[in-house]
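Everything on this sheet refers to the single structure shown next.
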Amino acid sequence: MKLIETKNYDELSRVAADMLISEIKAKPDCVLGLATGSTPIGTYDKLIEAYKSNEVSFAKVKSINLDEYVGISWSNTESYRYFMNEHLFDHVDIDKTNTHVPNGLAGDLDEECARYDALYDQIGPVDIQVLGIGLNGHIGFNEPGTSLSAPTHIVKLSDSTRQANSRNFTSLDAVPYKAITLGMAGIMKAKKIVLLASGPAKRDAIEKTVFGEVDPHVPASFLQLHPDVTIICDFALTNKKE
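Its first residue numbered 6, the sequence shown is counted upward by one per residue in my numbering.
Printed below as a string of structure tokens:
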């Protein structure tokens, strides 16, 4: 693992965006694995700035997102498809038919999971995967106790995850109880992974990810087994090994 500690969130966003821009320039038809949540918004803002200044084009880029809530439509402002449109896709020249998000309203959710894994293998491997991290060490919606071999699956969201995500909803009761998420098996297929963590509240999760044992109860710790992971955080770690 490569660890980058930045001075602030803006620098974190710039470093992450530069990694993605370099990937796109080297391979214009690359496949980006994308994440939602508050942390990557700054990175997406930097990508939009780069596009508007003619530094990069997304015309041939493909993308595949990690997850989506079960039971809400893509037109819902809290859906992750809506999030991606609002924070990136609507502002660059990407072909939206080349952007993929799980369908949380699928009639057969098990079938949707299988479809998404097949799609992932069809358009992949992902060249660079963006990840955030939850306070409990989850990545995507792979909650504590998940398996390294888990495919795309339906997950019951933990109380802590629902509480953290309730800031985006009108109330805690409005937060869905389930989501569809790319499993660890898919995430680990990416050629490169960049994990973003902002704010000291994430310090404990990052320290367990980097310095702890590989532990299913800290899903992000599985990333120790991947050959090319960069972690970017805007805080200093206290538990550093010599």
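We put the CB at the ideal spot given by N, CA and C, even for glycine. Here the structure is a predicted model, which means the values were calculated and not measured.
Item to check | Top-ranked residue by Cα proximity to D1, from T166, E54 and N70 | outcome: Residue 1 lies beyond the stretch modelled for the chain, which goes from 6 to 247, so this question has no answer here.
Next on the checklist: Taking its Cβ as the centre, do 16 or more other Cβ atoms sit within 10 Å of R172, making it buried, or is it exposed?
Outcome noted: For the purposes of this step, residue 172 is identified with residue 167 of the sequence shown, where counting begins at 1. Exposed, because fewer than 16 other Cβ atoms sit within 10 Å of the Cβ of R172.
Item to check | Cα-Cα separation between I12 and R208, rounded to whole angstroms | outcome: For the purposes of this step, residue 12 is taken as residue 7 along the sequence shown, with counting starting at 1. For the purposes of this step, residue 208 is taken as residue 203 along the sequence shown, with counting starting at 1. As written in the sequence, residue 12 is Lys, which differs from the Ile given in the question. Straight-line Cα distance between these residues: approximately 15 angstroms.
Item to check | Bridge partners - E54, DSSP secondary structure assignment | outcome: As a first step, residue 54 is located in the sequence shown; it is residue number 49 there, counting from the start. Beta-bridge pairing links E54 to no other residue.
Item to check | Within 8 angstroms, strictly: CB atoms of P130 and K196 | outcome: Counted from its first residue, the sequence shown places residue 130 at position 125. Counted from its first residue, the sequence shown places residue 196 at position 191. Cβ distance < 8 angstroms, so P130 and K196 count as in contact.
Next on the checklist: Less than 7 angstroms between C-beta atoms, sequence neighbours within five positions excluded: which residues of the same chain meet that for K51?
Outcome noted: Against the sequence shown, residue 51 aligns to sequence position 46. Answer for K51: S18, R19 and A22, listed in chain order.
Checklist entry - Which residue's Cα is closest to the Cα of D41: I138, S176, L228 and V180? => result The residue labelled residue 41 in the question sits at position 36 within the sequence shown. Checking the sequence shown, residue 41 turns out to be Thr, not Asp. When each option's Cα is compared against that of T41, the closest is I138.
Next on the checklist: Let me make sure I understand the geometry here. Which of I236, L25, L124 and L162 has the alpha-carbon closest to that of E148?
Outcome noted: As a first step, residue 148 must be located in the sequence shown, where it is residue number 143. Ranked by how close their Cα comes to the Cα of E148, the residues I236, L25, L124 and L162 have L162 in first place.
Next on the checklist: With H, G and I counted as helix, E and B as strand and the rest as coil, what does DSSP make of K65?
Outcome noted: Reading the sequence shown from its first residue, position 60 is the one you call residue 65. Looking at K65 - three-state DSSP - the assignment turns out to be coil, as it is neither helix nor strand.
Checklist entry - Is I198 helix, strand or coil by DSSP? => result In the sequence shown, residue 198 corresponds to position 193, counting from 1. Residue state, collapsed to three classes: strand.
Next on the checklist: Please classify Y168 as buried or exposed, where buried requires at least 16 neighbouring CB atoms within 10 angstroms.
Outcome noted: Here residue 168 corresponds to residue number 163 of the sequence shown, with the count starting at 1. For clarity, residue 168 is Gln in the given sequence; the question names Tyr instead. With fewer than 16 Cβ atoms within 10 Å of its Cβ, Q168 is classed as exposed.
Item to check | Helix, strand or coil at K32 according to DSSP, with G and I counted as helix | outcome: For the purposes of this step, residue 32 is identified with residue 27 of the sequence shown, where counting begins at 1. Coil.
Next on the checklist: Rounded to the nearest angstrom, what separates I159 and P181 at their Cα positions?
Outcome noted: Residue 159 sits at position 154 when you count from the first residue of the sequence shown. Residue 181 sits at position 176 when you count from the first residue of the sequence shown. The alpha-carbon atoms of I159 and P181 are separated by roughly 12 angstroms.
Checklist entry - Near A64, what residues of its chain come up, given a Cβ to Cβ distance below 8 angstroms and the 5 sequence neighbours on each side ignored? => result Taking the first residue of the sequence shown as 1, we reach residue 64 at position 59. Here the set comprises P33, D98, I99 and D100.
Checklist entry - I think P177 touches L136, with their Cβ atoms under 8 angstroms apart; what is that distance to the nearest whole Å? => result Here residue 177 refers to the residue found at position 172 when the sequence shown is read from its first residue. Here residue 136 refers to the residue found at position 131 when the sequence shown is read from its first residue. Note that residue 177 is Leu in the sequence shown here, rather than Pro. With a Cβ gap of about 25 angstroms, L177 and L136 do not count as contacting.
Next on the checklist: Y56 and Y74 - do their beta-carbons sit closer together than 8 angstroms?
Outcome noted: Along the sequence shown, read from residue 1 onward, the residue named residue 74 stands at position 69. Along the sequence shown, read from residue 1 onward, the residue named residue 56 stands at position 51. In this structure, Y56 does not lie closer than 8 angstroms to Y74 by Cβ.
Item to check | Per-residue DSSP class, three states only, for L177 | outcome: Residue numbering aside, residue 177 sits at position 172 when the sequence shown is read from its first letter. L177: helix per DSSP, three-state reduction.
Item to check | Of the listed residues S68, V66 and G38, nearest to I144 (C-alpha basis) | outcome: In the sequence shown, residue 144 corresponds to position 139, counting from 1. The shortest C-alpha separation from I144 is found at G38.
Next on the checklist: Looking at I128: is its Cβ nearer than 8 angstroms to the Cβ of K67?
Outcome noted: Working through the sequence shown from its first residue, we reach residue 128 at position 123. Working through the sequence shown from its first residue, we reach residue 67 at position 62. Yes; because the gap between Cβ atoms is below 8 angstroms, this pair is in contact.
Checklist entry - DSSP three-state call for N170: helix, strand or coil? => result For this step, residue 170 is matched to residue 165 along the sequence shown. Three-state result, N170: helix.
Checklist entry - Does the distance from the CB of L242 to the CB of E10 come in under 8 angstroms? => result Residue 242 sits at position 237 when you count from the first residue of the sequence shown. Residue 10 sits at position 5 when you count from the first residue of the sequence shown. Contact: yes.
Checklist entry - Taking the alpha-carbon positions, what's the I237 to E54 distance? => result Your numbering for residue 237 matches position 232 in the sequence shown. Your numbering for residue 54 matches position 49 in the sequence shown. One C-alpha to the other measures close to 20 angstroms.
Checklist entry - For G38, which residues does DSSP report across the bridge? => result On the sequence shown, position 33 is the one that residue 38 refers to. According to DSSP, G38 bridges with I69 and Q134.
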